[in-house]
Amino acid sequence: MTISERETQQGKSAWARLRSNIFHFYFLLRRPMTLGVRGLVYDRAENAVFLIRHTYVPGWQLPGGGVETSEIMADALARELVEEGNIEITAPAVLKSLHFNRQASRRDHVAMYLIESYRQTSPKQPDYEIAEAGFFKRDALPSETTPATLRRIAEVLDGTEVSPYW
1 MTISERETQQ
11 GKSAWARLRS
21 NIFHFYFLLR
31 RPMTLGVRGL
41 VYDRAENAVF
51 LIRHTYVPGW
61 QLPGGGVETS
71 EIMADALARE
81 LVEEGNIEIT
91 APAVLKSLHF
101 NRQASRRDHV
111 AMYLIESYRQ
121 TSPKQPDYEI
131 AEAGFFKRDA
141 LPSETTPATL
151 RRIAEVLDGT
161 EVSPYW
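Residue 164 in UniProt numbering sits at position 164 of the sequence shown, with consecutive numbering throughout.
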């Protein structure tokens, strides 16, 4: 390959990269999508699940949150569990299902994980985001547990049919 052919090829590659970047930016503007993670932290010995109650929305929920730009889902899950529950994952979490969260937006999706190997050195103390947090036996869940949370628990732990919707 001659120098001019190589320069032409490099120019085409640069143009292809630029075109790809432009299309990705266009799709970000035209079709922005959000991705979240939730974790079902399960104490099998106690038959208990970890739930949180936010300061800004009603009901008890599974811990989780948004996946940040350039963050993988497993890292987002680990970060959210530390932030919301003072829980450290000690073995890989198991991806159980993916859901479209149409109540949040037309483009929100949530990955649901099961965590059975973890460490919590001290209970989560209330802060600006988390009003309360703790483990609850499955037969004594708070009455304000959200319907979506109850569905996810049943899907993961009881094997009920998984809904595509959060």
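The beta-carbon is built from N, C-alpha and C at its ideal position, and this holds for glycine as well.
Going straight from the alpha carbon of residue i to that of residue j, what length do you get?
i	j	result
alanine 14	glutamate 68	28 Å
alanine 76	alanine 104	19 Å
arginine 102	lysine 137	29 Å
glutamate 144	arginine 79	25 Å
serine 163	histidine 99	7 Å
glycine 64	glutamate 84	8 Å
phenylalanine 50	phenylalanine 135	4 Å
glutamine 61	arginine 38	9 Å
glutamate 71	glutamate 129	21 Å
aspartate 43	glutamate 116	6 Å
glycine 66	arginine 107	13 Å
tyrosine 118	asparagine 86	10 Å
aspartate 127	histidine 109	27 Å
Near residue i, which residues of its chain fall below 8 Å by C-beta distance, leaving aside the five closest residues on each side in sequence?
i	result
leucine 150	Leu141
serine 122	Asn86
Exposed or buried, residue i, counting other C-beta atoms within 10 Å across all chains shown (16 or more means buried)?
i	result
arginine 53	buried
proline 92	exposed
glycine 159	exposed
State the DSSP-derived secondary structure class of residue i, mapped to helix, strand or coil.
i	result
isoleucine 153	helix
arginine 119	strand
leucine 18	helix
valine 94	strand
glutamate 132	strand
valine 82	helix
aspartate 43	strand
alanine 104	coil
Per DSSP, residue i forms a beta bridge with which residues?
i	result
methionine 73	Answer is none; methionine 73 lacks a bridge partner.
isoleucine 89	Tyr118
glycine 65	Val37
tyrosine 56	Partner(s): none; tyrosine 56 has no beta bridge.
leucine 141	According to DSSP, which records beta bridges pairwise, leucine 141 is partnered with nothing at all.
Might you give, ordered along the chain, the residues of its own chain that have their beta carbon closer than 6 Å to the beta carbon of residue i, omitting 5 neighbours on each side?
i	result
leucine 114	Leu40, Val94, Lys96 and Val156
alanine 131	Arg53 and Thr55
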